[in-house]
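Q: Chains as they are written, first to last, in the working numbering: chain G, 6 to 248; chain X, -14 to 254; chain B, 16 to 252. We put the CB at the ideal spot given by N, CA and C, even for glycine. In this text the structure is predicted, and so the values were computed from the model without any measurement. One structure, pasted below without further comment.
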Amino acid sequence: MLAPETTALASFRSVSYASAGDRLLSDIELTIARQGITTIMGPNGAGKSTLLRLLAGLLRPTSGTLTWHRPAGTGQIETAFVFQRPVILRRTVSANIRHAISPLKLPDAQASRRVDAALSDCSLEHLRDAPGRRLSGGEQQRLAMARALARQPDVLLLDEPTASLDPAATNAIEQIALACADKATKVVLVTHDAGQARRLSNDVIFLNAGRAVEHSPAAAFFNQPLSQPARDYLAGRITITDT
Amino acid sequence: MKLLVALICILPLVATGAAAQDRFIILQSTTSTANSGLLDYLAPKFKDKTGIDLRVVAVGTGQALKNARNGDGDVLLVHAKQREEKFVADGFGTKRHDVMYNDFVIVGPDDDPADIAGVYDITVALKKISAAKSPFVSRGDESGTHITERGLWKLAGIDAAADSGTWYRETGSGMGATLNIATGMRAYTLTDRATWIAFANKPDFRIMVEGDKRLFNQYGIILVNQQRHPHVKAAEGQAFIDWLISPEGQLAISAYKRDGQQLFFPNAN
Amino acid sequence: MSEATQALYLAVELVISMDAGLVEIVLLSLQVSLLAVAVACAIGLPLGALLGIARFRGRRLLISINNALMGLPPVVVGLAVYLMLSRSGPFGVFGLLYTPTAMIIAQTLLVLPIVAALSRQTIEDLNAEYDEYLRSLDMRLAGRLKTLLWDGRASLATAAIAGLGRAIAEVGAVIIVGGNIDHVTRVMTTAIALETSKGDLALALALGLVLVTIALALNAAVEILRAGAERKLHAGA
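Shown next as structure tokens:
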């Protein structure tokens, strides 16, 4: 394990989360590194999206603590979330982006520059004035990425962003995510797509039945998964666990 | 959004537009004087003379008295003498003047089921209606006409209200609405002659009873007491009263005709 | 000639001749009702939106009251406003009774529950859709309200139109607080009531036809504006 004081961005200590009596996450012990792309994998219902929502602050742990490690002298760590099915506002593409950064209360000129940069980063310039809801699925997800990037977050949280996209659109999203990670923005990705995880990940967290059963560097995880559930999952076998 | 802002900007205009024209009085009056067109005829003449705008609120006498009691009017022109005198006695009005009169008539369908056409004595006519249980429509709204009608039933010794809902039907509406109902259900009703003459919707309907001196309909005018309601425009209101009971105003009343018939007869003293 | 055909002739004649009296009352009707709707929207949209997204004790009760108020008879509103604005009432000193302002106040109260209830429903549904995204943006209440009101604009315009329909068609409230004074507070509906009471049913019906036509034109105008806005939004695509 890496030393948390220097390279850790966030750590989970005995974190559990329950909703309406259902235990969705149990005793999570994890450290998220400051750099690179961390991928969360696992079968349906394993708690992947719940873990990502805890990072986003959309949910709070029922017990245990999630700690963010800020280098001295920096402000609060900002996250941006991209949902599997993005909520596109009923306005133009550029207005969607501008709306996403409106809580930051930037001066007008600066906000405009951010919108332009986000449009360019996500190849949406030609759709700037198109109504967001008329875009194709892939364009909508690029718009969701653009909105997230315009916020210039410390952490970009992607919840199965390509689950319903075709290969070309998937590739576009992946390129944006990689470019983001190159610019030292932390990316945490939830995906079902093992190929995508191989292409993007620096490290992989494997969840099963609400528990973090494995956290390894990507190469190690895909070559020699340590846990039985991960082996089953990568081999395409269904495992049923009583919880 | 812009539309909304623009509209809100007009709001003060509407408000001030009404206030800027300060030379006006509010006349609480009855539907008979308004619906017959008399006040529409008098208002411009009065305005030419004094520059004062006459704003007429036409309701039943009972409602007009109530509104005036609340101070929502400067002058009262109604037709229920006892109540007018009480209004003055209670301190809500300064002085009551006789202005004009016309008369009430009983109108009914041509086939005349109670056989009252040409009966001179109003109490006999009412007794026949009640005996035949022919439909009779009453205003039932505390208006001057309604008050008169109740008095006439009493004179005839009939408790018509006891049969309310059977042949005796109370509409609780104005004269016009009541006439529409009467012609609709082919019923008799009591109306002032002016409203009847001016009324347009009267197929196969005609005057059945008229001329009995007990059908006399006196109109009175009263200035609302400024001591009771300080905002009352006493000077302008008095100007209207003075004009209406002057020879000029009285002449104007007698000059107003509909279908060649004079509707009101001036009798200020 | 039957009353109905006579009315149709009269209506056409009134409109074609731009009868001065008719123009006056039509303009006043529009001015009063549009202003009432504008004020009702300015208050009712944020209020309805707040009721749609806030969670507090008694919210259900407030929503029920709001819904019930939609069915309030105009006469009751007129009477209540009369009692407030009467010289003997608490606001009598302003001398607003029998002015267009009094009519605007009464119609605003009539329209407000409709605008609030319909916008509450719209915003509540939209909020369910947007909630998680807006929370991920760390959007505060004011920003959330603004977002939802703007994105719900199409449905909210319909709410405003529904309110306008109620305002421009009602007679019970304006006749009490306006007094149906010629050239001052006479509007379409009170003129119709007056002509009916004079027994001039054809003229009353003709005025009714003109009123329906105007209501139709207003609806069409809003529809065209909306379609225009949509086209503009799509032009860049």
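Under a three-way DSSP split, which group does PHE201 (chain X) fall into?
A: If you number the second sequence from 1, residue 201 (chain X) lands on position 216. Here PHE201 (chain X) sits in strand by DSSP.
Q: Would you kindly work out how many angstroms separate the C-alpha atoms of SER125 (chain G) and LEU60 (chain G), rounded to a whole number?
A: Taking the first sequence and counting its residues from 1, the one referred to as residue 125 (chain G) is at position 120. Taking the first sequence and counting its residues from 1, the one referred to as residue 60 (chain G) is at position 55. In a straight line, the C-alpha of SER125 (chain G) is about 28 Å away from that of LEU60 (chain G).
Q: Going along the segment 29 to 40 of chain X in order, which residues come within less than 7 Å of chain B, judged by CB to CB distance?
A: Against chain B - using a Cβ distance shorter than 7 Å - the residues of the segment 29 to 40 of chain X are ARG40.
Q: If I measure Cβ to Cβ from ASP33 (chain X) and keep anything under 6 Å in the same chain, skipping five residues before and after, which residues do I get?
A: What you label residue 33 (chain X) is simply residue 48 of the second sequence in a count that begins at 1. Taken in chain order, the list of residues that qualify is empty.
Q: State the DSSP-derived secondary structure class of TRP228 (chain X), mapped to helix, strand or coil.
A: Translated into positions along the second sequence, residue 228 (chain X) becomes position 243. In this structure, TRP228 (chain X) counts as helix in the three-state DSSP scheme.
Q: For THR162 (chain B), return the contacting residues in chain X, with the cut-off set at a CB-CB distance below 7 Å.
A: Locating residue 162 (chain B) in the third sequence gives position 147, where the first residue counts as 1. Neighbours of THR162 (chain B) on chain X: none; closest Cβ ~15 Å, over 7 Å.
Q: For chain B, find out if any of its Cβ atoms is closer than 8 Å to the Cβ of VAL162 (chain X); answer yes or no.
A: Position 177 of the second sequence, counted from the start, is the residue given in the question as residue 162 (chain X). This sequence places Ala at residue 162 (chain X); Val is not what is there. With 8 Å as the cut-off, ALA162 (chain X) counts as an interface residue toward chain B.
Q: Distance, Cα to Cα, VAL54 (chain B) vs THR162 (chain B)?
A: Locating residue 54 (chain B) in the third sequence gives position 39, counting from the first residue. Locating residue 162 (chain B) in the third sequence gives position 147, counting from the first residue. Their backbone Cα atoms lie some 21 Å apart in a straight line.
Q: Let's see if you can read the secondary structure: which residues bound the alpha helix (DSSP H) around ARG178 (chain X)?
A: Counting from one through the second sequence, the residue named residue 178 (chain X) turns up at place 193. Segment 178 to 183, the alpha helix (DSSP H) holding ARG178 (chain X).
Q: Sort out for me which residues DSSP pairs HIS82 (chain X) with in a bridge.
A: Locating residue 82 (chain X) in the second sequence gives position 97, counting from the first residue. BP columns for HIS82 (chain X) point to X:ILE206.
Q: Can you name, in chain order, every residue of its own chain whose Cβ lies under 6 Å from the Cβ of ALA28 (chain X), other than the five neighbours on each side?
A: Along the second sequence, one-based indexing puts residue 28 (chain X) at 43. Closer than 6 Å at Cβ, skipping near neighbours: LEU39.
Q: In the DSSP assignment, the beta strand (DSSP E) including GLN13 (chain X) goes from what residue to what residue?
A: Within the second sequence, residue 13 (chain X) is the residue found at index 28, counting from 1. It spans 9 to 15 - the beta strand (DSSP E) in which GLN13 (chain X) sits, taken as one unbroken run.
Q: Quick test of the definition: if touching needs 3 or more C-beta pairs under 8 Å, does the segment 76 to 95 of chain B touch the segment 144 to 159 of chain B?
A: The answer is no - the segment 144 to 159 of chain B does not touch the segment 76 to 95 of chain B, with fewer than three Cβ pairs under 8 Å.
Q: Does the beta-carbon of ILE207 (chain B) have 16 or more other beta-carbons within 10 angstroms, so that it is buried, or is it exposed?
A: For the purposes of this step, residue 207 (chain B) is taken as residue 192 along the third sequence, with counting starting at 1. Looking at its Cβ environment, which holds 16 or more other Cβ atoms inside 10 Å, ILE207 (chain B) is buried.
Q: First and last residue of the beta strand (DSSP E) that includes TRP73 (chain G)?
A: Residue 73 (chain G) sits at position 68 when you count from the first residue of the first sequence. First-last of the beta strand (DSSP E) with TRP73 (chain G): 68 to 73.
Q: Using a Cβ-Cβ cut-off of 6 Å (strictly less than) and excluding sequence neighbours within five positions of GLY180 (chain B), which residues of its own chain qualify?
A: On the third sequence, position 165 is the one that residue 180 (chain B) refers to. Nothing listed; no residue qualifies.
Q: Any contact of the segment 202 to 219 of chain X with the segment 64 to 83 of chain X, i.e. 3+ C-beta pairs under 8 Å?
A: Segments in contact, yes.
Q: With a threshold of 8 Å between beta carbons, is TYR113 (chain B) in contact with chain X?
A: Sequence index remark: in the third sequence, residue 113 (chain B) carries index 98 (1-based). Interface residue, yes.
Q: Using the Cα positions of ALA74 (chain X) and ILE114 (chain X), report the straight-line distance between them to the nearest angstrom.
A: Here residue 74 (chain X) is taken as the residue at index 89 of the second sequence, counted from 1. Here residue 114 (chain X) is taken as the residue at index 129 of the second sequence, counted from 1. Taking the straight line from one Cα to the other gives about 37 Å.
Q: Of all the residues that make up the segment 176 to 193 of chain X, which are near chain B by a beta-carbon distance shorter than 8 Å?
A: If the cut-off is 8 Å between Cβ atoms, the segment 176 to 193 of chain X has ALA183, PHE184, ALA185, ASN186, LYS187 near chain B.
Q: So, for ALA168 (chain G): in the same chain, excluding its five sequence neighbours on each side, which residues have a beta-carbon less than 6 Å away from its beta-carbon?
A: Within the first sequence, the letter at position 163 stands for residue 168 (chain G). Closer than 6 Å at the Cβ level, and outside the excluded window around ALA168 (chain G), lie GLN89.
Q: At what residues does the beta strand (DSSP E) containing THR114 (chain B) begin and finish?
A: Sequence index remark: in the third sequence, residue 114 (chain B) carries index 99 (1-based). It is not in any beta strand (DSSP E) - THR114 (chain B) carries neither H nor E in the DSSP assignment.
Q: Just curious, the beta strand (DSSP E) that SER16 (chain G) is in, first and last residue?
A: Translated into the one-based positions of the first sequence, residue 16 (chain G) becomes position 11. It spans 13 to 24 - the beta strand (DSSP E) in which SER16 (chain G) sits, taken as one unbroken run.
Q: To the nearest angstrom, how far is it from the Cα of THR18 (chain X) to the Cα of THR180 (chain X)?
A: Here residue 18 (chain X) corresponds to residue number 33 of the second sequence, with the count starting at 1. Here residue 180 (chain X) corresponds to residue number 195 of the second sequence, with the count starting at 1. Roughly 8 Å separates the two Cα atoms.
Q: Give me whichever residues DSSP pairs with THR43 (chain G) in a beta bridge.
A: Residue numbering aside, residue 43 (chain G) sits at position 38 when the first sequence is read from its first letter. G:VAL193, G:ASP208.
Q: Between SER145 (chain B) and chain G, is the shortest Cβ-Cβ distance under 8 Å, so that the two count as touching?
A: Here residue 145 (chain B) corresponds to residue number 130 of the third sequence, with the count starting at 1. According to the sequence shown, residue 145 (chain B) is Tyr rather than Ser. It does; some Cβ of chain G falls within 8 Å.
Q: Which residue spans inside the segment 93 to 158 of chain X form an unbroken alpha helix (DSSP H) run of at least 4?
A: Those alpha helix (DSSP H) runs which fall completely within the segment 93 to 158 of chain X and span 4+ residues are 107 to 117, 129 to 141.
Q: Check distances from the C-beta atoms of the segment 215 to 243 of chain B to those of chain X and list, in chain order, the residues that come in under 9 Å.
A: Under the 9 Å Cβ criterion, the segment 215 to 243 of chain B contributes ASP215, LEU216, ALA217, LEU218, LEU240.
Q: Say whether the segment 122 to 138 of chain B touches the segment 58 to 67 of chain B, bearing in mind that this needs 3 or more beta-carbon pairs closer than 8 Å, one atom from each stretch.
A: Yes: the two stretches touch, three or more of their Cβ pairs being nearer than 8 Å.
Q: Find the residues of chain B that neighbour ASN210 (chain X), judging by a C-beta separation of less than 8 Å, and give them in chain order.
A: Numbered from its first residue, the second sequence carries residue 210 (chain X) at position 225. Chain B residues near ASN210 (chain X): none, gap ~12 Å exceeds 8 Å.
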